[in-house]
């Protein structure tokens, strides 16, 4: 499990091309990781929880994520609103999601993404959201270096050739957590 969390340090000098998953505009935590008895029984089984990601809003999400091996989720406003379900971050992390790019985040979900090593990016121009389609290939040049040096990350859409900028506003501790690969790796490094 820790090796799945530590994706970011291993990409220190490489560029990342990701397949995009674009669910409905504003998925809530119940969309990302469904509630109920069918999933609750798996609460400590991360691979099983991951099998249910976006189950009711995008039935092929898990299959596409597994086929791609890694990816980015693109969402609208207040992404991750709802219950503070940690599985809504750990499931996508297990499926290889590296970043979530949105117009805005629900505060607790944003914190959960950081804790699981998923980079929370917001569009500098929210209109860029409308230019991205599901399964577009987005190119992020050395995300680790961008996180170290500042708050802006420029992303290229391979389909359209267009670029757009995103912000990653982090506290120094949040930045350290992401650079470590998540809160577990960060905590282990401090001990």
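In my numbering, the protein residues as written are -2 to 188.
Glycine residues also receive a C-beta, built at the ideal position from the N, C-alpha and C atoms.
Query raised in the report: What's the gap between the Cα of residue 144 and the Cα of residue 172?
Result: 7 Å
**Report entry** Contact set for residue 80: own chain, Cβ-Cβ below 6 Å, skip 5 residues either direction
**Finding:** 26
Query raised in the report: Hey, how far is the Cα of residue 137 from the Cα of residue 176?
Result: 16 Å
Query raised in the report: I think residue 130 touches residue 109, with their Cβ atoms under 8 Å apart; what is that distance to the nearest whole Å?
Result: Going by Cβ atoms, the distance from residue 130 to residue 109 rounds to 27 Å, so no, they are not a contact pair.
Requested in this report: Spell out the partners DSSP gives residue 154 in its beta bridges.
Outcome: 135
Query raised in the report: residue 95: buried (16+ other C-beta within 10 angstroms of its C-beta) or exposed?
Result: buried
Query raised in the report: Thinking C-alpha only, which one of 85, 71, 54 is nearest residue 113?
Result: 85
Query raised in the report: Rounded to a whole number of angstroms, what is the C-alpha to C-alpha distance between residue 73 and residue 125?
Result: 11 Å
Query raised in the report: Between which two residues does the alpha helix (DSSP H) harbouring residue 161 extend?
Result: Looking at the DSSP string, residue 161 is not in any alpha helix (DSSP H); the run it does join, the beta strand (DSSP E), is 160 to 164.
**Report entry** Proximity winner among 105, 35, 116, 106, relative to residue 166 (alpha-carbon distances)
**Finding:** 116
Query raised in the report: Closer than 8 Å, CB to CB, is residue 24 near chain B or not?
Result: Absent from the structure: chain B. Only one protein chain is present.
Report task. Have a look at residue 151 and residue 127 and give me their C-alpha separation to the nearest angstrom. Result -> 17 Å
Query - Contact check, residue 68 vs residue 93, beta carbons under 8 Å - result: yes
Requested in this report: Let me know the secondary structure DSSP gives residue 128 once reduced to three states.
Outcome: helix
Report task. Confirm, please, whether the CB-CB distance from residue 54 to residue 24 is below 8 Å. Result -> yes
Query - For residue 46 and residue 141, the rounded distance between their alpha carbons - result: 28 Å
Query raised in the report: For residue 41, which of 65, 101, 87 has the nearest alpha-carbon?
Result: 87
Query raised in the report: Is it buried or exposed for residue 122, if we count other Cβ within 10 angstroms and need 16 for buried?
Result: exposed
**Report entry** Buried versus exposed, by CB contacts within 10 Å (16 or more), residue 31
**Finding:** buried
Report task. For residue 104, count neighbouring Cβ atoms within 10 angstroms of its own Cβ and tell me buried if that reaches 16, exposed if not. Result -> exposed
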